[in-house]
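Undergrad: First residue of the sequence shown? That's 29 in my numbering, and the numbers climb one at a time after it.
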Amino acid sequence: METWAIFTGDIVNSSAMSRGELSAAFDRLAEAAEIIAAWQDAPTRLTRFRGDGWQLSVRPTLTFRAAMVLRATVRRGAKTADTRIAIGIGPASLTGSDLADADGEALVASGHALDAMPRDRRLIAPNAPLALQCALPLADRLATGWTMRQAEVAYYMLAPDRPAQAALADSLGLTQQSVQGHVTAAGLDEVFEVCSLLESEEKLE
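#1: DSSP on R47, reduced to helix/strand/coil?
#2: Using DSSP bridges, identify the partner residues of Q83.
#3: So the beta strand (DSSP E) P119 belongs to, where does it begin and stop?
#4: Just how far apart, CA to CA, sit V40 and Q205?
#5: Using only the alpha-carbon positions, how far apart do A61 and Q161 sit?
#6: On a CA-only basis, which of V222, I113, D80 is nearest R147? Give me that one, please.
#7: From S51 to S224, what distance separates their C-alpha atoms?
#8: So what does DSSP say about Q212, is it helix, strand or coil?
#9: State yes or no: is the C-beta of L127 within less than 8 Å of the C-beta of Q68?
#10: Out of L186, D168, D189, E49, which has the shortest C-alpha to C-alpha gap to A106?
#11: With three or more beta-carbon pairs closer than 8 Å as the criterion, would you say the region 86-96 touches the region 163-171?
#12: Over the uninterrupted alpha helix (DSSP H) stretch that includes M234, give me the two end residues.
#13: What does DSSP give as the partner residue(s) for L57 in the beta ladder?
#14: Do the CB positions of I115 and A144 come within less than 8 Å of each other?
#15: Grab me the residues of Q208's own chain with a C-beta within less than 7 Å of its C-beta, minus the 5 sequence neighbours each way, in chain order.
#16: If Y183 and T101 are in contact, beta carbons under 8 Å, what's the gap, nearest whole angstrom?
Here is the structure:
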């Protein structure tokens, strides 16, 4: 079996959403999953279950970056929208186009982590390497405070080959100064540093 990071999540307060709002949140997750798949040159196998639940598979070195992008993509759709994410890292056998028939330690750890997640947390990885375990609570607090616009900027700027701020400003109909302001307010420069550290191969493999 290969080593994978399995993400198991659900949409926060989904019972208060209309069917259209929940569908839109999953559309944004699907878009982000395709982007992550391109980063890792492997499918993420995004799988929806129990109405508001979802799972996907990520290369371990991209765990932190992918988690932040998934938080960002949900939040950019509505100011109170969010998703919980529990991550299990370990061996996993992945077959087919989704995770319905997948098995392995990573899936078990991820599912158990979501079931046991504290009420005040939305991002957790109990069996992850220590560096990632230390980074996630701070990242969780940061992402929870993002505005919709900060989340939108984060969604694009968190790409491994992130766009120039001027180009992103043009595509979003903003000024470069506004984009820089959102980068600063969202704490993205610090997030970039953590991504660089955790994506060093020896940290998560």
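Here a beta-carbon is modelled for each residue, glycine too, at the ideal position from N, C-alpha and C. Bear in mind that the values here come from a model prediction, so they are computed numbers and not experimental data.
TA: In short, the structure shows the following:
#1: Position 19 of the sequence shown, counted from the start, is the residue given in the question as residue 47. If DSSP states are grouped into helix, strand and coil, R47 belongs with the helices.
#2: The residue you call residue 83 lines up with position 55 of the sequence shown. DSSP lists T36, T75 as partners of Q83.
#3: As a first step, residue 119 must be located in the sequence shown, where it is residue number 91. Residues 111-120.
#4: Working through the sequence shown from its first residue, we reach residue 40 at position 12. Working through the sequence shown from its first residue, we reach residue 205 at position 177. Approximately 32 Å, taken between the alpha carbons.
#5: Counting from 1 along the sequence shown, the entry for residue 61 is found at position 33. Counting from 1 along the sequence shown, the entry for residue 161 is found at position 133. So the two alpha carbons sit approximately 22 Å from each other.
#6: Mapped onto the sequence shown, residue 147 falls at position 119. Checking every option, the nearest Cα to that of R147 belongs to I113.
#7: Here the question's residue 51 lines up with position 23 in the sequence shown. Here the question's residue 224 lines up with position 196 in the sequence shown. Each residue's Cα considered, the two are about 33 Å apart.
#8: Locating residue 212 in the sequence shown gives position 184, counting from the first residue. Residue 212 is actually Thr in this sequence, not Gln. Correct three-state label for T212: helix.
#9: For the purposes of this step, residue 127 is identified with residue 99 of the sequence shown, where counting begins at 1. For the purposes of this step, residue 68 is identified with residue 40 of the sequence shown, where counting begins at 1. Against a cut-off of 8 Å, the Cβ pair of Q68 and L127 comes out as no contact.
#10: Start at 1 with the first residue of the sequence shown, and residue 106 comes out as number 78. Measuring from the Cα of A106, the nearest candidate turns out to be E49.
#11: yes
#12: Any property of residue 234 remains undetermined from this structure, which presents the chain solely from 29 to 233.
#13: Within the sequence shown, residue 57 is the residue found at index 29, counting from 1. For L57, which the question treats as bridged, DSSP gives no partner whatsoever.
#14: Reading the sequence shown from its first residue, position 87 is the one you call residue 115. Reading the sequence shown from its first residue, position 116 is the one you call residue 144. Against a cut-off of 8 Å, the Cβ pair of A144 and I115 comes out as no contact.
#15: As a working mapping, residue 208 is identified with position 180 in the sequence shown. Excluding residues within five positions, the ones whose Cβ falls inside 7 Å are Q193.
#16: In the sequence shown, residue 183 corresponds to position 155, counting from 1. In the sequence shown, residue 101 corresponds to position 73, counting from 1. Going by Cβ atoms, the distance from Y183 to T101 rounds to 5 Å, so yes, they are a contact pair.
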